[in-house]
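Peer 1: Residues in the sequence shown are numbered from 2 upward in steps of one, following this note's numbering. Shown below is the structure under consideration.
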Amino acid sequence: MAVYEHKSSTIYYLYRNGGGILFLMAILFYPNKDTICYFNKYSFFIFMMHYPMVFIIKTFLVKTISNINYITVGIIYLSTIILTIISIICIYEFIKLLFPKLHFILNGKRY
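Listed below in C-alpha cells is the structure:
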C-alpha cells in the first residue's frame, strides 16, 4: 500500500474530516446564514460526484508529483478536497447553463 493510501495515518483522518473542517471554517468566518445557504444548491451534486472526482484528482496529483513524502501527502489531500469542490461547482454551472433539462434530472428535480 502506498504512503498516500495508508488508512491509519493522521493525514488520512484529516482528509476524511476535511469537509467538516471546511464547513466549520465557513460557519466561523461567515456566520451569516444566507452565505452558507448559498452553497445548498450544490449539495446533492457534490454528493453525487465527489467519489469519482476525488479519485481522478488524487490520481492525477500523485502521478504529477514525483517526490512523495509526508508533506506532499498532506498537500495532496488538502488540495484534493479544494480542487474537488471547485471543479464540481464549475461542472454544475456548466451543465446548468448548457443542458438545463439534464441539470434538472441530475439535481434531483429541483432548481
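The beta carbon of each residue, even a glycine, is placed where N, CA and C say it ideally should be. Quick caveat: nothing in here was measured; it's all calculated off a predicted structure.
Return the chain-ordered list of same chain residues with a C-beta closer than 6 Å to the C-beta of residue 84, the five sequence neighbours on each side being excluded.
Peer 2: 58
Peer 1: Would you report the Cα separation of residue 64 and residue 92, rounded to the nearest angstrom?
Peer 2: If I take the Cα positions, the gap works out to 23 Å.
Peer 1: My assumption, with CB atoms under 8 Å, is that residue 66 sits in contact with residue 82. Please give the rounded CB distance.
Peer 2: Between residue 82 and residue 66 the Cβ distance is about 16 Å, and since that is not below 8 Å, they are no contact.
Peer 1: Measure the alpha-carbon distance for residue 61 versus residue 52 and round it to whole angstroms.
Peer 2: Answer to the nearest angstrom: the Cα atoms are 14 Å apart.
Peer 1: Drop a sphere of 10 angstroms on the beta-carbon of residue 46, count the other beta-carbons inside from all chains shown, and report buried for 16 or more, exposed for fewer.
Peer 2: So residue 46 ends up on the buried side.
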